[in-house]
Every structure is written in structure tokens, then in C-alpha cells.
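A quick write-up on the structure given underneath.
Protein chains: 2
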Amino acid sequence: MVQKSTPAKPAPDSTRRSEKSRRAIYGAALALVGEVGYQKTTIEGIAARAGVGKQTIYRWWASKGDVLMEAFVDLSEQAAEAAQPGRQYAIPDTGDLAADLKAVLRATVDELLDPAFEVPSRALAAEGVVNEEIGRRFVARLLEPSLQLYVQRLRAAQGAGEVRPGVDPRIALELFVSPLAQRWLQRTGPISYEYTDTLVDYALNGIAAPGDGKSRIG
Amino acid sequence: MVQKSTPAKPAPDSTRRSEKSRRAIYGAALALVGEVGYQKTTIEGIAARAGVGKQTIYRWWASKGDVLMEAFVDLSEQAAEAAQPGRQYAIPDTGDLAADLKAVLRATVDELLDPAFEVPSRALAAEGVVNEEIGRRFVARLLEPSLQLYVQRLRAAQGAGEVRPGVDPRIALELFVSPLAQRWLQRTGPISYEYTDTLVDYALNGIAAPGDGKSRIG
Numbered sequence: 001m002v003q004k005s006t007p008a009k010p011a012p013d014s015t016r017r018s019e020k021s022r023r024a025i026y027g028a029a030l031a032l033v034g035e036v037g038y039q040k041t042t043i044e045g046i047a048a049r050a051g052v053g054k055q056t057i058y059r060w061w062a063s064k065g066d067v068l069m070e071a072f073v074d075l076s077e078q079a080a081e082a083a084q085p086g087r088q089y090a091i092p093d094t095g096d097l098a099a100d101l102k103a104v105l106r107a108t109v110d111e112l113l114d115p116a117f118e119v120p121s122r123a124l125a126a127e128g129v130v131n132e133e134i135g136r137r138f139v140a141r142l143l144e145p146s147l148q149l150y151v152q153r154l155r156a157a158q159g160a161g162e163v164r165p166g167v168d169p170r171i172a173l174e175l176f177v178s179p180l181a182q183r184w185l186q187r188t189g190p191i192s193y194e195y196t197d198t199l200v201d202y203a204l205n206g207i208a209a210p211g212d213g214k215s216r217i218g
Numbered sequence: 001m002v003q004k005s006t007p008a009k010p011a012p013d014s015t016r017r018s019e020k021s022r023r024a025i026y027g028a029a030l031a032l033v034g035e036v037g038y039q040k041t042t043i044e045g046i047a048a049r050a051g052v053g054k055q056t057i058y059r060w061w062a063s064k065g066d067v068l069m070e071a072f073v074d075l076s077e078q079a080a081e082a083a084q085p086g087r088q089y090a091i092p093d094t095g096d097l098a099a100d101l102k103a104v105l106r107a108t109v110d111e112l113l114d115p116a117f118e119v120p121s122r123a124l125a126a127e128g129v130v131n132e133e134i135g136r137r138f139v140a141r142l143l144e145p146s147l148q149l150y151v152q153r154l155r156a157a158q159g160a161g162e163v164r165p166g167v168d169p170r171i172a173l174e175l176f177v178s179p180l181a182q183r184w185l186q187r188t189g190p191i192s193y194e195y196t197d198t199l200v201d202y203a204l205n206g207i208a209a210p211g212d213g214k215s216r217i218g
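These protein sequences, in sequence, are chains Z and E. All letters in the first sequence, in the order written, are residues 1 to 218 by full-length UniProt numbering. All letters in the second sequence, in the order written, are residues 1 to 218 by full-length UniProt numbering.
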């Protein structure tokens, strides 16, 4: 796992100790949920594996769901930082929407195929499918914020005249994001750069033959 | 649950008894997996709930995975038969691709929102996310055959000049099927007829502004 860059000013010893415990707890939580699943992961198990007392965990988090959610947010931030150090949390805007979407989806392909990400993510996603409360928190805390980056990029493209004004960006993004998500989650097909490039081309240009304007909309 | 139409010629008593047991076993398997999840569902539990001996189940199926998979195939067939009695297993071809896709997706919306379907389907889908063998069987036996119906319909539309010749139908169908699947599985947004109609319009016509042909492909 990539280390976060340390602050320029040295932190006091107690802060550094806390940071070290927090990292150990996140690592233990992600490893455990990947190995035994969400149901069988416990605060006790996380504490034992991280080498901290149970009370250390309860001081910072109310439940195992909270620890795990924070551990995933941290994992995603680490992955993003490793892919593009110091990057802004936005989809690049080079003025070429297709190229920008393809670049971000290729980075997502790399992330989905990374075992450090895949194993715990599958465990949390599976729990979210059957456990509505966990599912909704997973979406609100992790999935929706990243989807909103596509909304912003598509809105900018509408402003630049690249996307039709009548299109709802929140639905439009699903044309390329959801196929990749389903192939990964349900293993309905292979995942590659060529595949995500194709999704972007189809979503932007449509699959209908040119001039077949039967259901052309505003 | 809808009864299958009985054969015109009366079946012998032993066949009718077998059919009754088979239905009871399917019903018990689906109810149990919805209540306690895939992991905790056992052949013993299914047998007890169905009021049959364990050996009756083992005579017909090798494992709980086999029973459940068959129970789901049967559930899907019952749902399809209830929606359109005597229908062919094909997507209608009225010559209007958009209308045909919208009609099928509206029927899928109804199925996904039916609790009799939703609860056991979520349990099996969740297991498939973390259990690769179950996931792959679920796709091969249930998901991919229904996706192939879209492939056939899109191929016919290519033949009729409605869809661009260079488009890969197996990828193209994901532009409208996968968003619905993800909203259902991960609860990333509401599901409605208006939503699936919009997906079809976007997928056919694209979201790019007309004349923005930067990445127009063959």
C-alpha cells in the first residue's frame, strides 16, 4: 500500500502513533473482509490483526461498518494518488470529451484489475447487494461522489456544445460506467482498454445508423 | 407463483408426484436463500421446508448450487410465461428497434421490482460477486442466454439498416441493460419506465451533439 505523503511540519509523536494505528486498522479491516467476508468480520478480529486494543477502534468509529467504509475511502484515495500524484479530484478537461472519458475509464480498468482493490471491494459490494443499509452507505460515500465527477465533465461538455443540451448527465454517464461495473461485478465479460474505449464511442455517437432519426431527441 | 400449463395428456401418478415435489423443492430453495442467504442455505434445510427426504433432492441434483440454479431458471420461465403467455423466447421485431427495446426493458423493470423475484435474486447475485464459480454459472445459465436475445435483435436491426454495421451487438446491448442492472444491484438510482426509455434513446442516438463527429466510427 502506498504511504500518504507526510506533512511538511513534523507531527507530534502522539499524532504519528495515531496515524500508524489508523493505517494498521484500515489494513486489517480490508484484509479481513476480503478473507472472511463482511458478515464474519468483527471489531475484535480487526483489533487483533492490527495489534491494537478494541477500545482504540471504538474511540474512533462506532461500528465495523464505519471502520470498513473509512478504510475503503482511504484505499480509493491511495489508489487515485498512486495513479496521478497530486491530481485534482476531477476528470481532465482537454476539450476532447471522448479522449478524457477514455483516459479515466482506462485508469478505472487498472484499478478494478488490481487484487489489492478487487478482493475487499467485492466483499463490500456483495454485502451491499443484500444489505440495503450498507449498500446505500457504500453508494453515498464512495460510488456517487465519483459518478458526480462525470456529471461535472458532461455538464462542461454541454456548455462547450459537445453534448446535446437535452441530455441528463447523471443518466448519460451510466452508458459507459455501468457496463464496466457489471462486467466486473458479475463477470459477464472481459475488461480491457479496448472495451472501455468502445463504450465511450458508442455512448457518444449512438449505435443507430446515421440518418435513422426515428427517435432522435432534443 | 403461476402454475405451468398441464400437458394435454394426463401424466401418470408418479410423474405428477415428482412434479409436485420438484415445485415444492424449488419454492423452498428460493424462500430459504432469500431469508438466510446462500451460505446458510443447506440441502437439509430445503428438504425439511419442502417436506421431502434429503435423498429425493440428491436423486435429482448433485449440490445445493444445482438446485438453486434450476430453481432460478424455473422462476425466470414462470415470470416470462406470466408476462406473455405462450410467448417465444425472443425480443419482438416490429421493425421499430427503439419501441421493441423499450417494451422489453419495461417488462424487466416490472420483474426487478417484484419481491418474489427480487429477494432470492439478490441473494444469488451477492454470492456470485464473491464466489467466482457460482457467479460464472449464474451468468452462463441465466444472464447470458437472456443477453443473447438482445444480440439477435440488434443483428436483425443491423440487417435492416437500423444499426451501424461496425457496431458489436454484444457490447452495444450493455449500454441499456447494464445501467438498469447496476441501479437494481447497487441501488445507485431509481428504476422506472421513463428511465429505461431514456437509456434506449441515448444508446441509439448517442449523447454527442449532432455534427460533433470527432470520434464518429464505422
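Even for Gly, the Cβ is constructed at its ideal location relative to N, Cα and C. Here the structure is a predicted model, which is why all the values come from computation and not from measurement.
Determine the burial state of residue i: buried for a count of at least 16 other Cβ atoms within 10 Å of its Cβ, exposed for fewer.
i	result
Gln158 of chain E	buried
Gly218 of chain E	Its pLDDT being 40, under 50, Gly218 of chain E is placed unreliably in this model, and the coordinates cannot settle the point.
Arg16 of chain E	exposed
Ser5 of chain Z	Here Ser5 of chain Z scores only 45 on pLDDT, less than 50, and its place in the model should not be relied on; the value that follows carries that caveat. Exposed is the call here.
Tyr38 of chain E	buried
Glu111 of chain Z	buried
Asp201 of chain E	buried
Val2 of chain E	The predicted position of Val2 of chain E is uncertain, since its pLDDT is 40 and thus under 50; a value taken from the coordinates is nonetheless stated next. By the neighbour-count rule (16 or more Cβ atoms within 10 Å), Val2 of chain E is not buried but exposed.
Gln55 of chain E	exposed
Val109 of chain E	buried
Trp61 of chain E	buried
Leu113 of chain E	exposed
For residue i, I'd like the list of residues in its chain whose CB is within less than 8 Å of its CB, leaving aside the five on either flank, ordered along the chain.
i	result
Tyr58 of chain Z	Ile43
Lys64 of chain E	Ala29, Thr41, Thr42, Ile43 and Ile46
Ala98 of chain Z	Val200, Asp201 and Leu204
Gly95 of chain Z	Ala160
Gly189 of chain E	Arg183 and Tyr195
Arg22 of chain E	Trp60
Gln186 of chain Z	none
Gly135 of chain E	Glu127, Gly128 and Val129
Asn131 of chain E	Tyr38
Ala31 of chain Z	Arg49 and Pro120
Just the chain Z side, please: which residues come within less than 8 Å of residue i by C-beta, in chain order?
i	result
Thr198 of chain E	Asp168 and Ile171
Gln148 of chain E	Those do not exist, as Gln148 of chain E stays about 12 Å from chain Z at its closest Cβ, beyond 8 Å.
Gln78 of chain E	By Cβ distance, chain Z contributes nothing, its closest Cβ being about 22 Å from Gln78 of chain E, past 8 Å.
With a threshold of 6 Å on Cβ separation, who are the neighbours of residue i within its own chain once the five nearest residues in sequence on each side are excluded?
i	result
Arg141 of chain Z	Met69
Gly213 of chain Z	Because the pLDDT of Gly213 of chain Z is 49, which lies under 50, any placement of that residue in the model is unreliable, and the number read from its coordinates should be weighed accordingly. Closer than 6 Å at Cβ, skipping near neighbours: no residue.
Closer than 9 Å by beta-carbon distance: list the chain Z residues that pair up with residue i, in chain order.
i	result
Ala203 of chain E	Leu175, Tyr202, Ala203, Gly206, Ile207 and Ala208
Arg136 of chain E	Arg187
Can we count residue i as close to the ligand GDP, meaning its CB is less than 8 Å from some heavy atom?
i	result
Val73 of chain E	The ligand GDP is not part of the structure shown, which contains no ligands of any sort.
Strictly below 7 Å CB to CB, what residues from chain E border residue i?
i	result
Val130 of chain Z	Gly37, Arg122, Ala123 and Ala126
Val139 of chain Z	Gln186, Arg187 and Thr188
Of the residues the options, which one's Cα is nearest the Cα of residue i?
i	options	result
Val52 of chain E	E:Val73, E:Ser18, E:Ser14 and E:Leu105	E:Ser18
Ala116 of chain Z	Z:Ala71, Z:Arg187, Z:Val151 and Z:Asp96	Z:Ala71
Arg170 of chain Z	Z:Ser14, Z:Ala48, Z:Gln148 and Z:Gln182	Z:Gln148
Tyr89 of chain Z	Z:Leu97, Z:Val104 and Z:Pro190	Z:Val104
Lys102 of chain Z	Z:Thr188, Z:Leu204 and Z:Ala209	Z:Leu204
Gly27 of chain Z	Z:Val36, Z:Pro85, Z:Glu133 and Z:Asp74	Z:Asp74
Tyr150 of chain Z	Z:Ile91, Z:Gly135 and Z:Glu132	Z:Ile91
Ala50 of chain E	E:Glu35, E:Ile25, E:Asp66 and E:Ala31	E:Ile25
Ala181 of chain Z	Z:Glu133, Z:Arg137, Z:Asn131 and Z:Glu118	Z:Glu118
Phe138 of chain E	E:Asp66, E:Val36, E:Ser14 and E:Glu35	E:Asp66
Name, please, each residue of chain Z whose Cβ falls closer than 7 Å to the Cβ of residue i.
i	result
Val163 of chain E	Ile207, Ala208 and Ala209
Pro115 of chain E	Those do not exist, as Pro115 of chain E stays about 13 Å from chain Z at its closest Cβ, beyond 7 Å.
Run through chain E and tell me which residues come within less than 8 Å of residue i, C-beta to C-beta.
i	result
residue 254 of chain Z	This structure cannot speak to residue 254 of chain Z, because chain Z is shown only from 1 to 218.
Using a C-beta to C-beta distance shorter than 9 Å, which residues of chain E count as neighbours of residue i?
i	result
Leu105 of chain Z	Correct list: empty, because the minimum Cβ distance to chain E is about 13 Å.
Val52 of chain Z	Ordered by position in chain E, no residue passes the 9 Å Cβ test against Val52 of chain Z, which lies about 27 Å from the chain.
Leu143 of chain Z	Gln186 and Thr188
Considering only residues of the same chain and omitting the five flanking positions on each side of residue i, which have a CB-CB separation below 7 Å?
i	result
Asp93 of chain E	Asp100, Arg153 and Ala156
Val33 of chain E	Thr41, Leu68, Pro120, Ala123 and Leu124
Pro179 of chain Z	Leu199
Ser76 of chain Z	Leu142
Would you check if the region 160-168 of chain Z and the region 125-137 of chain Z touch, i.e. whether three or more CB-CB distances between them fall below 8 Å?
no
So, does the region 195-214 of chain E touch the region 131-148 of chain Z, judging by three or more C-beta pairs under 8 Å?
no
Using 8 Å as the threshold, is the region 174-182 of chain Z in touch with the region 172-185 of chain E, meaning 3 or more CB pairs across them?
Note that the region 174-182 of chain Z touches the region 172-185 of chain E; at least 3 beta-carbon pairs, one per stretch, sit closer than 8 Å.
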